[in-house]
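Chains as they are written, first to last, in our numbering: chain A, 196 to 468; chain B, 624 to 824. Glycine included, each C-beta is placed from N, C-alpha and C at the ideal position.
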Amino acid sequence: MKRFVVAAVLLAACSQKQPIVVGSKNFTESVILGEMVAQKLESAGCTVDRKLNMGGTFVCDSAMTSGALDTYAEYSGTALEAILKQPKADVAKEYAKRGLHWGPPLGFNNTFAMIVRRDDANRLALHSISDLAKVAATFQPGFGYEFVERPDGWNGLLHAYGVAFAKPPKTMDLGLTYKALASNEVDLIAGNSTDGLIESLGLIALNDDRHYFPRYDAAIVYRNDIDKKCRGASKALESLRGRFDDAAMRRLNFEVDGRKRDVAAVVKDALGR
Amino acid sequence: MITDIIRVTGEHMLIVAIAVGVAIIAGIPLGIYCTRNPRAGRVALRIIDAIQTIPSLALFGFLIPVPFIGGIGMRTAIVALILYSLLPIVRNTFVGIRGVDPVVRDAGVALGLTSRQLLFDVELPLAMPSIVAGIRIATVIGIGVATIAAAVGGGGLGTFIFRGVAMVDTRLILAGALPAAALALIADVVLSAVERRVIKG
Chain A
196 MKRFVVAAVL LAACSQKQPI VVGSKNFTES VILGEMVAQK LESAGCTVDR KLNMGGTFVC
256 DSAMTSGALD TYAEYSGTAL EAILKQPKAD VAKEYAKRGL HWGPPLGFNN TFAMIVRRDD
316 ANRLALHSIS DLAKVAATFQ PGFGYEFVER PDGWNGLLHA YGVAFAKPPK TMDLGLTYKA
376 LASNEVDLIA GNSTDGLIES LGLIALNDDR HYFPRYDAAI VYRNDIDKKC RGASKALESL
436 RGRFDDAAMR RLNFEVDGRK RDVAAVVKDA LGR
Chain B
624 MITDIIRVTG EHMLIVAIAV GVAIIAGIPL GIYCTRNPRA GRVALRIIDA IQTIPSLALF
684 GFLIPVPFIG GIGMRTAIVA LILYSLLPIV RNTFVGIRGV DPVVRDAGVA LGLTSRQLLF
744 DVELPLAMPS IVAGIRIATV IGIGVATIAA AVGGGGLGTF IFRGVAMVDT RLILAGALPA
804 AALALIADVV LSAVERRVIK G
């Protein structure tokens, strides 16, 4: 009887251990990062409740500040522009004021990227966006509508780099731009620097040598009280610092989007390495 | 702005006119063929049905790398629209001819009409209301569907709609959507008048 009581008390104590709630936004890369955080915490012995694919930036952020969520991955540019609305502020300092910790950066910068075919890049020695001046007379750009319309899109880029293209951009659905580039219908597109297709279609992202696009460094955000829920949680997350550069993240995205592999399996492989 | 709207409305009408025109030229003979070869006809109709279920973006994705008919621009949009317009025209031709009373057809045969005469003098005239109805459906739907041409750089009124959606600008969306709705209404009125004339005739 006594042993039974002890066991019951122990069980109760275990079940009362609060799980760490891990979230993510509703796109592949964010889900991968959420799963990565979850697996890392589990390997440190924490109980994890996955709330992946939650919605957009504001859903995740308000869940964090209200305590419904303990951790998720956010991008520095998004935090500054969309959440804090202070583009020039220090992210970590501003987050500390809100009871949140702007944690370890993962090592990649998922910003806008100007993308060309690799064979063009090799043949014409295109490495950075400045090099586009060499092909401005012949290259056909092709973009989604938003990049053409937004002042901080194509027009702003031309202005910042002081180049003028002979051909106006062809506008199309954003989802078709990679196909159009791969089929030689256009020669230059705008995408995201960690898109898995860059790797798989033999394309390269040009270096933004004048820093026209803001930085979107991915980092793990967590609530200051995360270690109270599970000792060693923040240390486990800290071990992810700088583990994945742009190319590594592109490969993970491609594994999931391109090869249709299961997110958990892809993350397990990546962390095992 | 006004001149832009007029220009893209013109592009829009061009896209629909070419697409529905080609769909008529290809679709009516195809519909006739289906009545003459029921087995092959069933397969053809199935395929045309199946085309309707392909989302336009997926169809564009297939077409972009295809030489001559694909690429980025109006041509790809027209090809897609032809494929989408085939169904009402082929099916209404098929149904119209199949719906001809067998007694009438037998009378024609008894009079010694060749199968060619039977088709042009008996079956097609009687099927004409159904065929015109199919053309009307294809045109009205095509005017709406042609807004997706903008997704593949094909121009047309969809350009305003896509720009408006990207910029969260309702006025731009309406600048594309209202002329498209007006075009569809005008086409519907004109073609229903044609339809009435055919039925009377």
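| Closer than 8 Å to chain A by CB, F691 (chain B) | Not an interface residue.
| Would V775 (chain B) count as contacting chain A if we go by Cβ distances under 8 Å? | yes
| query | Quick one: is I687 (chain B) near chain A, going by C-beta distance under 8 Å? | reply | Interface residue, yes.
| query | G664 (chain B) to L710 (chain B), Cα distance in whole Å? | reply | Straight-line Cα distance between these residues: approximately 13 Å.
| M624 (chain B) by DSSP, collapsed to three states: which one? | coil
| query | Using a Cβ-Cβ distance under 8 Å, would K365 (chain A) count as near chain D? | reply | Checking the listed chains, one finds no chain D in this structure; the protein chains it contains are A and B.
| said: Is T786 (chain B) close to chain A? Criterion is C-beta to C-beta, closer than 8 Å. | reply: Here the sequence assigns Arg to residue 786 (chain B), which means Thr is not the residue at that position. Yes, R786 (chain B) counts as interfacial toward chain A.
| Opening and closing residue of the beta strand (DSSP E) in which L327 (chain A) lies | First-last for L327 (chain A): undefined, no H or E at that position.
| task | Could you check the C-alpha separation between I310 (chain A) and L383 (chain A) for me, to the nearest Å? | result | 6 Å
| request: Could you pull the start and end residues of the alpha helix (DSSP H) that V232 (chain A) belongs to? | output: Taken as a continuous stretch (DSSP letters only), the alpha helix (DSSP H) holding V232 (chain A) covers T223 to S238.
| Relative to the alpha-carbon of T273 (chain A), which residue among A:G262, A:D265 and A:D285 has its alpha-carbon at the smallest distance? | A:D285
| field | Beta-carbon proximity check, P688 (chain B) vs S378 (chain A), cutoff 8 Å | value | yes
| said: Does the contact criterion of 3 or more C-beta pairs under 8 Å hold for the segment 433 to 443 of chain A versus the segment 287 to 304 of chain A? | reply: yes
| said: Only counting the same chain, and skipping five residues up and downstream in sequence, which positions put a Cβ closer than 8 Å to that of R739 (chain B)? | reply: none
| query | Residues of chain B with a CB under 7 Å from the CB of S434 (chain A): which are they? | reply | In chain order: nothing, as chain B lies at least about 40 Å away.
| message | Which same chain residues end up closer than 8 Å to S429 (chain A) when comparing Cβ atoms and leaving out the 5 residues on each side of it in sequence? | response | H296, G298, Y417, I421 and D422
| Listed from N- to C-terminal order along the chain, which residues in the segment 693 to 714 of chain B have their beta-carbon within a distance smaller than 7 Å of any beta-carbon of chain A? | So the list reads G694 and I695, given in the order they occur along the chain.
| said: List, in chain order, every chain B residue whose beta-carbon is nearer than 9 Å to that of D315 (chain A). | reply: The premise fails here: D315 (chain A) is roughly 17 Å from chain B at the closest Cβ pair, so nothing lies under 9 Å.
| task | Run down chain B in chain order and give the residues with a C-beta less than 7 Å from the C-beta of Y164 (chain A). | result | Chain A is shown from 196 up to 468; residue 164 (chain A) falls before or after that span and cannot be answered.
| Can you tell which of B:D627, B:Y707, B:M624 and B:R698 has the C-alpha that lies nearest to the C-alpha of D672 (chain B)? | Taking only the C-alpha atoms, the option nearest D672 (chain B) is B:Y707.
| What residues in its chain sit with their C-beta under 8 Å from that of R293 (chain A), if we drop five residues either side in the sequence? | T260
| query | Does DSSP put A803 (chain B) in a helix, in a strand, or in coil? | reply | helix
| task | Measure the CB-CB distance between E269 (chain A) and A414 (chain A) and report whether it falls below 8 Å. | result | yes
| query | Just curious, the alpha helix (DSSP H) that N350 (chain A) is in, first and last residue? | reply | W349 to Y356
| chain B within 8 Å of S210 (chain A), Cβ atoms only | With a pLDDT of 47 at S210 (chain A), under the threshold of 50, the modelled position of that residue is not reliable, and the figure given next carries that caveat. So, not an interface residue.
| query | Quick one: what's L398 (chain A) bridged to in DSSP? | reply | A:R312
| said: Cutting at 7 Å between CB atoms, please list the residues of its own chain near V226 (chain A), excluding the five before and the five after it. | reply: Only S219, L247, N248 and V458 meet the Cβ criterion.
| said: Once DSSP output is grouped into helix, strand and coil, what is the label at V732 (chain B)? | reply: helix
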